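Here the UniProt record's numbering = 1-based position in the sequence shown + 4.
Idealized CB from N, CA, C, for every residue including glycine.
Treat the numbers as computed from the prediction; the structure is a model and nothing was measured.
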Amino acid sequence: KTNYQSEYKEIKCIGRGNFGSAFLVQSRTDKNKYVAKKITLGQLPEKEQQNALMEVNLLRYLDHPNIVEYNGSYIEDGILIIIMEYCDVGDLSYHIRKKKKADENFTEEEILHWFIQISMALEYIHGRKVLHRDIKASNIFLTGNNTVKLGDFGISRVLENTSDAAQTCVGTPYYLSPEVCENKPYTYKSDVWAMGCVLYELCCLQHAFSADSLLGLVYKIVQDKHSPIPDLYSEDLRKIVEMLLLKDSSERPLVSQLLLTPYIKQKMEEFI
Ligand code: ADP
Ligand code: MG
């Protein structure tokens, strides 16, 4: 039986998120770099810790070019450690910030190319009855060849009742859907809403909804219309943003329906 310490060497901490910290590590066997996510399960009883590990291990069977690869997991001293592919070109939140700083915009082509890849990843996991639950710009990674990969899915469900989740709900939940704000269940359509928020951000370089307080944010998500995306983008793109950010989840498309809209289909063919 292997353990984390004997398999990987930690290089550095690369950040802290909602559910723990991320480390850049090197495998002692294949010498490649990976990312290790560490999540404290401390409070959870032994049995639930094992359940969490089993759920995370299921993620290994998701295999798609636009999904960050999982390479295994460990539980050591009440800490869940998830090993995943290292994406070294940065996440989309970083690229969005960079564009904004340069006072430039992404081209419609760039946006759609990324958006379609992420939609295909989402269609793949929804087709396997897995919800992502944490789609956001910082969970979408750029790799070489302008490929984007969706990471960190499913983990949030496993981790909802860990001690880390309770303590570190510090990040502002910009991507909460109206139905979740209204205390209704999280569904496939809630993932689609979050995709709409990411698409909006790629176009506008700012969140679709933001406020100084959680209550203010929830109010805006449920009530307010987002401001329009810049004129430089097509009417087709504008309509897709509108469709994904429909407040009523029953009117919002599933990702499989989204991929059937004529403009998306046309772009998909162009990108092949
Ligand atoms: P969050 O998603 O809330 O930002 P994470 O713990 O998932 O928090 O990530 C923390 C930092 O580590 C982020 O800057 C993210 O870009 C980076 N990171 C996470 N996973 C990977 C990965 N697989 N490859 C490269 N960087 C990653
Ligand atoms: Mg993340």
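Alpha carbon of residue i to alpha carbon of residue j, nearest angstrom
| i | j | result |
| --- | --- | --- |
| A26 | R20 | 6 Å |
| G155 | S97 | 13 Å |
| I43 | D235 | 43 Å |
| E114 | P177 | 26 Å |
| R256 | S10 | 48 Å |
| Y223 | I144 | 27 Å |
| L258 | L126 | 10 Å |
| L206 | I120 | 13 Å |
| K140 | D216 | 19 Å |
| V185 | S231 | Per the sequence presented here, residue 185 reads as Cys, with Val not at that position. Spanning the two alpha carbons is a distance of roughly 20 Å. |
| H117 | E273 | 11 Å |
| D34 | I15 | 15 Å |
| G148 | L66 | 21 Å |
| Y267 | E50 | 50 Å |
| P69 | I122 | 10 Å |
Any non-hydrogen atom of the ligand MG within 7 Å of residue i CB
| i | result |
| --- | --- |
| S77 | no |
| N143 | yes |
| D34 | no |
| G21 | yes |
| D228 | no |
| G155 | yes |
heavy atom of the ligand ADP below 7 Å from residue i C-beta
| i | result |
| --- | --- |
| A26 | yes |
| I122 | no |
| Y74 | no |
| C208 | no |
| D216 | no |
| E89 | yes |
| K41 | yes |
| D95 | yes |
| I18 | yes |
Of the residues the options, the one placed nearest residue i, counting alpha carbons only
| i | options | result |
| --- | --- | --- |
| R137 | F119, I83, W197 | W197 |
| E246 | C201, I129, K37 | C201 |
| I85 | Y12, A215, L203, C207 | Y12 |
| Y74 | H99, Y38, I276 | Y38 |
| V134 | V29, E59, E50 | E59 |
| Q261 | D92, G220, M124, C208 | M124 |
| N7 | S31, S142, N150, T147 | S31 |
| S194 | V152, Q53, K102, H130 | H130 |
| N150 | F275, N109, F23 | F275 |
| G82 | D252, Q53, F110 | Q53 |
| K41 | E183, R64, C17 | C17 |
| D92 | D107, P189, V152, Y192 | V152 |
| F23 | K51, L218, G46 | G46 |
Chain-order list of residues whose beta-carbon lies under 6 Å from that of residue i (same chain, five-residue window excluded)
| i | result |
| --- | --- |
| L250 | R256 |
| G76 | I87 |
Contact set for residue i: own chain, Cβ-Cβ below 7 Å, skip 5 residues either direction
| i | result |
| --- | --- |
| E112 | Y237, S238, L241 |
| N61 | S77 |
Neighbourhood of residue i by C-beta distance below 8 Å, restricted to the same chain and skipping five residues each side
| i | result |
| --- | --- |
| Q210 | K104 |
| L221 | T176, P177, Y178, L180, F213, S214, A215 |
| I233 | Y204, C207, C208, L241, R242, V245 |
Beta-bridge pairing of residue i - partner residues as DSSP gives them
| i | result |
| --- | --- |
| F145 | D95, K153 |
| F213 | DSSP lists no partner for F213. |
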